[in-house]
Structures are given as C-alpha cells and as structure tokens.
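Note that my numbering gives residue 34 to position 21 of the sequence shown, counting from 1, and the numbers run on in steps of one.
Backbone N, C-alpha and C fix where the C-beta goes; we use that ideal spot for every residue, glycine too.
What follows is a set of notes on a single structure, which appears directly below.
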Amino acid sequence: QGEDNRAITKALEIKEGSTIFSIASAGYNPSMLLLDNPAKVVMVDINPTQIAWCMLYFSAIKNLTYEEFRGLVGFGEGATTSPDERGRIYDSLRGSLPSKALAYWDFHRDTMSKSGMYLFGNSIRLWGLERFAPIAHSQETLDKFLSISDIDQQRVFYEEQWDSWRWRRAFILAHLNISPAIYYPYWDFLPKLSQLWLKRFQEVCWHVPNMDNPHIEINLTAKISGQYCLPDFWKQENYIPIRERLDRFELIHADGNEYFEHTTEKFDGFVLSNVGDAYNKEDHDKWVTRAIKRGKPGSRLTYLSVAGTDKGWPGAEKDSICVEQELSDSLMIQGIERGFLWDNFHIATVK
Numbered sequence: 014q015g016e017d018n019r020a021i022t023k024a025l026e027i028k029e030g031s032t033i034f035s036i037a038s039a040g041y042n043p044s045m046l047l048l049d050n051p052a053k054v055v056m057v058d059i060n061p062t063q064i065a066w067c068m069l070y071f072s073a074i075k076n077l078t079y080e081e082f083r084g085l086v087g088f089g090e091g092a093t094t095s096p097d098e099r100g101r102i103y104d105s106l107r108g109s110l111p112s113k114a115l116a117y118w119d120f121h122r123d124t125m126s127k128s129g130m131y132l133f134g135n136s137i138r139l140w141g142l143e144r145f146a147p148i149a150h151s152q153e154t155l156d157k158f159l160s161i162s163d164i165d166q167q168r169v170f171y172e173e174q175w176d177s178w179r180w181r182r183a184f185i186l187a188h189l190n191i192s193p194a195i196y197y198p199y200w201d202f203l204p205k206l207s208q209l210w211l212k213r214f215q216e217v218c219w220h221v222p223n224m225d226n227p228h229i230e231i232n233l234t235a236k237i238s239g240q241y242c243l244p245d246f247w248k249q250e251n252y253i254p255i256r257e258r259l260d261r262f263e264l265i266h267a268d269g270n271e272y273f274e275h276t277t278e279k280f281d282g283f284v285l286s287n288v289g290d291a292y293n294k295e296d297h298d299k300w301v302t303r304a305i306k307r308g309k310p311g312s313r314l315t316y317l318s319v320a321g322t323d324k325g326w327p328g329a330e331k332d333s334i335c336v337e338q339e340l341s342d343s344l345m346i347q348g349i350e351r352g353f354l355w356d357n358f359h360i361a362t363v364k
C-alpha cells in the first residue's frame with residue numbers, strides 16, 4: 014500500500030539509459046522503474062530495516078522461481094504456503110545476504126514465515142482497516158465490491174450498497190485507531206485526516222475499477238489473494254524482465270539529504286516518496302531543493318503528500334523548475350494514482 018507505481022512511471026517519463034534516484038522503501042515500486050530500461054537506479058534509505066528488506070526482496074527475485082518468490086512474499090497462491098515451506102525458501106537465500114540483513118531476517122524468520130514478507134510489514138500489520146470493514150459489510154458484499162471491473166457498475170454499487178453510514182463510521186474508526194508507530198508525524202491531525210482519506214477513497218472508487226486496483230483489496234482485507242488484482246511489480250510477466258535488470262540497482266544506506274549534499278551524480282528523474290511529510294516547511298524545502306540541484310536539465314521530480322499536509326514547492330526555486338500541475342491533476346483525478354492516502358502528486362521539470 015502507499016505509492017502507486019503506475020503514476021510514478023507515468024510522471025517520470027523514463028528514457029532508455031536514464032539515471033534515476035528513488036527512496037528505497039521496501040523495493041516494490043523501485044523495481045518497476047527497471048521496466049523502462051534506465052541505465053541505473055540509485056536507491057537511498059536511512060532506515061536499516063528498509064535496506065534489509067530490499068536485500069532479501071531482490072535476492073528472492075534473483076534466485077527463486079516465480080512460485081517460490083510468491084510463496085516467500087505471501088501473495089496470490091503463495092499466501093497458502095506453509096510456514097515450514099516459507100522458512101525453507103528463506104533459508105535457501107541466507108547465503109546471499111550481507112551480515113546486517115542476515116541478522117535482521119534470522120531474528121524475524123519465524124514471524125515472517127507465518128504470513129510472508131508482505132504481511133509481516135509494519136504498515137500492514139498495524140493499519141487494521143480489515144478489522145473494521147466487516148462491521149459495515151458482509152463477506153458477500155465485500156467479495157462483490159472487490160470483483161467489479163466495470164466502472165459504471167462500480168459507481169452504482171458504491172452509492173447504493175457500499176457507502177452506508179456504517180461503512181463511513183467503520184472507516185473513520187479504523188483510521189483513528191492506527192498505531193502511532195505509523196503516523197506519528199500526523200497524530201494531532203488524525204481526526205481531520207481520516208475524513209480526508211474517506212473522501213479520497215470515494216474518489217478512487219469513482220474512477221478506478223476495483224479489479225484494476227490492488228490497493229482496495231490490501232486495505233479492506235490485508236491480503237493480496239490474486240483473485241482480483243495484483244500490483245504490477247508482482248505480475249508474472251514482469252518477473253523475469255525485472256530480474257534481468259537487477260544489476261542496475263545501487264542500494265545505499267544513508268540519509269537522503271546527506272547523500273544529495275555529497276554525491277556528484279546527476280539524475281534524470283527523482284522519486285522522493287513522501288519523505289518530506291515528516292519535515293516542517295523549512296526542512297521540506299531544503300530536501301526538495303537539494304534534489305533539484307542534482308537534477309539534469311529536463312529531469313523530473315516527483316513527491317507525494319499525505320492528504321492535508323501539502324507543503325508545495327520551494328519558493329526560492331520557482332525559476333529553476335516548471336511545475337507540471339496539469340499532469341499532476343490528470344494522474345490524480347483520472348485514477349492513474351490509485352492510492353487514497355494522498356491529496357497531491359507533485360511533479361516538476363528542472364529547467
């Protein structure tokens with residue numbers, strides 16, 4: 014859950030041979046950048062857990078069959094993989110992991126083996142919306158909602174059957190009960206935030222068929238069953254192409270600000286995620302400005318802002334960039350961005 018790889022790749026307009034900067038996160042969305050054939054993707058993250066996550070995830074893509082990979086991550090038919098089998102798959106990769114990543118995953122091996130890498134992730138385990146959806150709707154109604162492929166039918170179903178007062182209350186309660194471990198930067202803002210997310214959820218359901226939106230199943234069930242829609246980065250047809258280009262990744266454990274201060278690399282595109290949400294306006298502007306300074310002329314910068322936290326672009330850099338508001342609006346409004354956490358997908362081109 015979180016960023017949508019389709020919106021990111023559409024915004025970047027990656028050209029063959031490009032050099033791209035990306036926040037590493039868990040490695041899911043950065044892997045999709047490889048399909049546009051860049052020469053290099055530099056992934057940076059200050060969080061050692063995210064680095065360990067990427068190392069196991071990329072090792073799995075490199076060394077496992079698609080069926081084994083699916084079992085380790087825990088999606089589709091792989092969700093039914095037994096803990097013993099998942100543990101065996103992990104053990105087959107231990108020799109490929111550097112010491113710090115190995116120590117992390119050995120410590121969490123048994124817990125991860127119960128559900129797979131994806132559901133082991135903090136944001137899914139601590140989110141909890143799937144516990145509240147059954148308050149509003151039966152399993153039959155949920156299954157019908159998830160399986161809609163026609164957007165006109167979905168709009169009717171949403172208005173007539175889904176958007177009840179019980180659903181709205183369940184959604185808001187779920188978000189008011191999110192663990193502080195996830196959204197501590199927004200804690201005082203959470204009551205208002207839950208209302209904004211509900212509005213954005215409705216907008217997404219109005220424009221994107223659920224059968225083409227894995228975020229819906231993830232958030233309503235905490236699963237990726239494979240019955241409805243898989244994220245593009247887990248589709249079988251993309252598995253081998255991603256594997257064949259894994260050597261184009263450069264994974265760096267560092268603070269992004271410090272990296273931009275010291276690197277001599279110039280980039281054709283930037284995926285800044287929503288890192289700036291944790292900053293005040295001044296520090297946010299410094300973060301984005303450092304990225305702008307490392308951009309080649311014509312390079313694209315992208316970042317997301319959680320609903321209600323939009324900090325815009327640095328005023329001092331207004332002559333250095335061209336803000337692509339029309340493109341941003343089209344990606345948000347037309348449903349290319351399928352997540353509901355965000356109120357703006359910021360895109361700018363370096364002059």
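Please state whether DSSP places residue i in a helix, a strand or coil.
i, result
"Trp326", "coil"
"His266", "strand"
"Cys242", "coil"
"Ile349", "coil"
"Gly134", "coil"
"Gly40", "coil"
"Glu100", "For the record, residue 100 in the displayed sequence is Gly; it is not Glu. If DSSP states are grouped into helix, strand and coil, Gly100 belongs with the helices."
"Lys23", "helix"
"His275", "helix"
"Asp296", "helix"
"Pro222", "coil"
"Glu257", "coil"
"Asp290", "helix"
"His228", "helix"
"Asp165", "helix"
"Asn50", "coil"
Run through the DSSP bridge pairs and tell me what residue i is partnered with.
i, result
"Ser318", "Asn357"
"Ser35", "Met56, Val284"
"Arg313", "Gly282, Thr362"
"Gly84", "Bridge partners of Gly84: none, in fact."
"Gly308", "Phe280"
Would you give the residue range spanned by the beta strand (DSSP E) that residue i belongs to?
i, result
"Val55", "53 to 58"
"Val336", "334 to 336"
Give me the Cβ distance between residue i and residue j, rounded to the nearest whole Å; I'm assuming they're in contact under 8 Å.
i, j, result
"Phe273", "Arg303", "4 Å"
"Met130", "Gly87", "6 Å"
"Asp281", "Lys28", "7 Å"
"Cys242", "Tyr171", "So it is not a contact: roughly 17 Å between Cβ atoms."
What span of residues does the alpha helix (DSSP H) with residue i cover, start to end?
i, result
"Phe120", "112 to 128"
"Met68", "61 to 76"
"Arg380", "Outside the displayed span of the chain (14 to 364) sits residue 380, for which this structure offers no information."
"Thr154", "152 to 159"
- Task: Taking 8 Å as the threshold, find out whether the region 340 to 358 comes into contact with the region 14 to 34 through three or more Cβ pairs.
- Result: With the cut-off at 8 Å, the region 340 to 358 and the region 14 to 34 touch.
- Task: Check whether the region 313 to 326 touches the region 278 to 296, taking contact to mean three or more Cβ pairs, one atom from each stretch, closer than 8 Å.
- Result: Counting Cβ pairs under 8 Å, three or more are found: they touch.
- Cβ contact (3+ pairs, closer than 8 Å) linking the region 88 to 95 and the region 31 to 40: Counting C-beta pairs closer than 8 Å gives fewer than three between the region 88 to 95 and the region 31 to 40, which falls short of the contact rule.
- Message: For the pair the region 253 to 265 and the region 42 to 55, tell me if three or more CB-CB distances fall below 8 Å.
- Response: Result yes; three or more Cβ-Cβ pairs closer than 8 Å.
- Query: Does the region 206 to 222 come close enough to the region 115 to 125 to have 3 or more Cβ pairs within less than 8 Å?
  - Reply: With a cut-off of 8 Å, the region 115 to 125 and the region 206 to 222 do not count as touching, because too few Cβ pairs lie within range.
- Query: Does the count of Cβ pairs from the region 153 to 162 and the region 223 to 238 closer than 8 Å reach three?
  - Reply: Because the criterion of three Cβ pairs below 8 Å is met, the region 153 to 162 and the region 223 to 238 touch.
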